[in-house]
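I have placed the structure first, in the form of structure tokens, so that the comments after it can refer back to it.
The following block contains the structure:
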């Protein structure tokens, strides 16, 4: 839910420096000059300015941080602490790097591989999680995680190709699949939603769908959750997960959600009701959707910028689509038509058609190929 707009209280109005100065001059004895430029006026104006800042800025901010609806940053964290809700930290992306090395080569835990730096971006580094020794000239798949947590660690396949500090014996490096699961620290808006939900629930849980969604979202990196009741019969619950980037949750996140709810090693922390015999947690299935547009007319903006903006704005459409399991053609078309700089276009299709796309309960839409052509260009 959107946070309400803060309305400045009435008692803060009429407190700019000129208004305060005018009131101060009005309180002078009758035989003291209140003319601008005289000593009383000049000596009191700095005070009026300071009082105005105290009331209109400092006092207003004090009022805002007193309520989670208007709070931010560390102040929001304090409200979360009162509700027992902790801000989700940034999550490091994980993946697998295939390394070919000579017999006897040792790669210690923490060995750093990287995506090479370019003019546009710094190198993205990944570290291994365990020590390995190559028993022969072979290729081994090594689990890695990003050195710096966040979405920057979500890199495409075949981009991790170098070592931060080369080691003799290593002859080839690559990642055959993209890395995933990297997420930024929870922003104030998402954090407030969880705080607000916690205050509304008042710590009473009945293990309904809303509770399972809430528990899943408490795990850093989880963006959304679909609940499948009685997925394998009575007493079983299924959870389908996507990460905070709208992608299928990684196996690491799936395991983290299961452990958070079931707490297999400490039943005192178990959230799963005793009556539920089994919890099945899995990653969502992604349905990629290709978009095409012809006859695009642009004004003051480049084609690449339009495509990038379109991909970003479609994330909100995908989130709305999961509510009805329908990706609506008109919603996607509207996204394109409202992008700044898009003046007109001739035709727009999703997967080659001009109709809605129906999704199963476990499917999340994602952007596939985006083929936009300018007016007059050959298709």
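Residue numbers (my numbering): 847 to 1225.
Cβ atoms here follow ideal geometry from the backbone N, Cα and C, with glycine treated the same way.
Does residue 978 come out as helix, strand or coil in the three-state DSSP assignment? For the purposes of this step, residue 978 is taken as the residue at position 132 of the chain shown. Correct three-state label for residue 978: strand.
Determine, using beta carbons only, whether residue 1178 and residue 1196 come nearer to each other than 8 Å. Stepping through the chain shown from its first residue, residue 1178 is reached at position 332. Stepping through the chain shown from its first residue, residue 1196 is reached at position 350. It is a contact, given that the beta carbons lie within the stated cut-off.
Can you have a look at residue 983 and say buried or exposed, based on whether 16 or more other CB atoms are within 10 angstroms of its CB? Stepping through the chain shown from its first residue, residue 983 is reached at position 137. It is exposed - the Cβ of residue 983 has fewer than 16 other Cβ atoms within 10 Å.
Compare the Cα-Cα distances from residue 1218 to each of 1201, 959, 1176 and 1157 and report the closest residue. Within the chain shown, residue 1218 is the residue found at index 372, counting from 1. The shortest Cα separation from residue 1218 among 1201, 959, 1176 and 1157 belongs to 1157.
The beta strand (DSSP E) with residue 947 in it runs from where to where? Here the question's residue 947 lines up with position 101 in the chain shown. Residue 947 -> beta strand (DSSP E) spans 940 to 947.
Proximity below 8 Å, CB of residue 1077 to CB of residue 1055: For this step, residue 1077 is matched to residue 231 along the chain shown. For this step, residue 1055 is matched to residue 209 along the chain shown. The answer is no: Cβ separation not under 8 Å.
Identify the continuous alpha helix (DSSP H) that holds residue 1176 and give its terminal residues. As a first step, residue 1176 is located in the chain shown; it is residue number 330 there, counting from the start. First-last of the alpha helix (DSSP H) with residue 1176: 1175 to 1183.
Hey, could you find the ends of the alpha helix (DSSP H) residue 1217 is sitting in? Here residue 1217 refers to the residue found at position 371 when the chain shown is read from its first residue. Note, residue 1217: premise wrong, no alpha helix (DSSP H); beta strand (DSSP E) at 1209 to 1220.
Residue burial classification, residue 1164 (beta-carbon count within 10 angstroms, cutoff 16): Taking the chain shown and counting its residues from 1, the one referred to as residue 1164 is at position 318. Answer is buried; the Cβ neighbour count reaches 16.
For residue 998, report the span of its beta strand (DSSP E) as first-last. Sequence index remark: in the chain shown, residue 998 carries index 152 (1-based). Element bounds for residue 998: n/a, residue is neither H nor E.
Short check: CB of residue 1086 to CB of residue 1208, under 8 Å? Stepping through the chain shown from its first residue, residue 1086 is reached at position 240. Stepping through the chain shown from its first residue, residue 1208 is reached at position 362. Against a cut-off of 8 Å, the Cβ pair of residue 1208 and residue 1086 comes out as a contact.
For residue 1181, which residues of its own chain have a beta-carbon under 8 Å away from its beta-carbon, when the five flanking residues on both sides are left out? Here residue 1181 refers to the residue found at position 335 when the chain shown is read from its first residue. 1156, 1159, 1160 and 1163, listed in sequence order.
Could you pull the start and end residues of the alpha helix (DSSP H) that residue 863 belongs to? Numbered from 1 along the chain shown, position 17 holds the residue referred to as residue 863. 863 to 872 is the span of the alpha helix (DSSP H), which, as asked, contains residue 863.
Count the other CB atoms within 10 Å of the CB of residue 852; is the residue buried (16 or more) or exposed (fewer)? For the purposes of this step, residue 852 is identified with residue 6 of the chain shown, where counting begins at 1. Counting Cβ neighbours within 10 Å, residue 852 comes out exposed, since fewer than 16 surround it.
With DSSP as the reference, label residue 1126 as helix, strand or coil. Taking the chain shown and counting its residues from 1, the one referred to as residue 1126 is at position 280. Correct three-state label for residue 1126: strand.
So, with DSSP's three-state summary, where would you put residue 1225? Here residue 1225 is taken as the residue at index 379 of the chain shown, counted from 1. Model confidence at residue 1225 stands at a pLDDT of 48, short of 50, so the residue's coordinates are unreliable and nothing is read from them.
Within the continuous alpha helix (DSSP H) that includes residue 927, where are the two ends? Stepping through the chain shown from its first residue, residue 927 is reached at position 81. Its alpha helix (DSSP H) spans residues 919 to 929.
With a threshold of 16 other CB atoms inside 10 Å of the CB of residue 1210, please say whether the residue is buried or exposed. If you number the chain shown from 1, residue 1210 lands on position 364. By the neighbour-count rule (16 or more Cβ atoms within 10 Å), residue 1210 is buried.
The beta strand (DSSP E) with residue 1154 in it runs from where to where? As a working note, residue 1154 is residue 308 in the chain shown. From DSSP, residue 1154 is part of no beta strand (DSSP E) but of the alpha helix (DSSP H) over 1149 to 1170.
Leaving aside the five residues before and after residue 1140 along the sequence, list all residues of the same chain whose C-beta is less than 6 Å from its C-beta, in chain order. Here residue 1140 refers to the residue found at position 294 of the chain shown. So the list reads 1192, 1193, 1219 and 1225, once near-sequence residues are dropped.
With residue 1196 as the anchor, note down where its beta strand (DSSP E) starts and where it stops. As a working note, residue 1196 is residue 350 in the chain shown. Where residue 1196 is concerned, the enclosing beta strand (DSSP E) stretches over 1193 to 1196.
Confirm, please, whether the CB-CB distance from residue 1106 to residue 1064 is below 8 Å. Here residue 1064 refers to the residue found at position 218 of the chain shown. Here residue 1106 refers to the residue found at position 260 of the chain shown. Yes, Cβ-Cβ distance for residue 1064 and residue 1106 is below 8 Å.
Helix, strand or coil at residue 1134 [DSSP, three-state]: If you number the chain shown from 1, residue 1134 lands on position 288. The answer is strand: DSSP assigns residue 1134 an E or B state.
Roughly how many whole angstroms lie between the Cα atoms of residue 864 and residue 887? Walking along the chain shown from the start, residue 864 turns up at place 18. Walking along the chain shown from the start, residue 887 turns up at place 41. Rounded to the nearest angstrom, the two C-alpha atoms are 11 Å apart.
Among 943, 1204, 882 and 1108, which residue has its Cα nearest to the Cα of residue 1172? As a working note, residue 1172 is residue 326 in the chain shown. Answer by Cα proximity: 1204.
Taking only three categories from DSSP, how would you classify residue 1189? As a working mapping, residue 1189 is identified with position 343 in the chain shown. The answer is strand: DSSP assigns residue 1189 an E or B state.
What does a CB cutoff of less than 7 Å around residue 1043 pick up in its chain, not counting 5 residues either side in sequence? One-based indexing of the chain shown puts residue 1043 at position 197. Result list for residue 1043: 1060, in chain order.
Name the residue from 857, 931 and 890 whose alpha carbon lies nearest to the alpha carbon of residue 906. Taking the first residue of the chain shown as position 1, residue 906 is located at position 60. That would be 857, whose Cα lies nearest to the Cα of residue 906.
What residues are listed by DSSP as bridge partners for residue 957? Locating residue 957 in the chain shown gives position 111, where the first residue counts as 1. Partner(s): none; residue 957 has no beta bridge.
For residue 898, name the three-state secondary structure that DSSP assigns. Looking up residue 898 in the chain shown gives position 52. Three-state result, residue 898: helix.
Find the nearest neighbour of residue 866 within the set 854, 897, 1133 and 879, judged by alpha-carbon distance. To locate residue 866, count along the chain shown from 1; it is residue 20. Comparing Cα positions, the closest option is 897.
From 1062, 1119 and 1112, residue whose alpha carbon lies closest to that of residue 1053: Against the chain shown, residue 1053 aligns to sequence position 207. The shortest C-alpha separation from residue 1053 is found at 1119.
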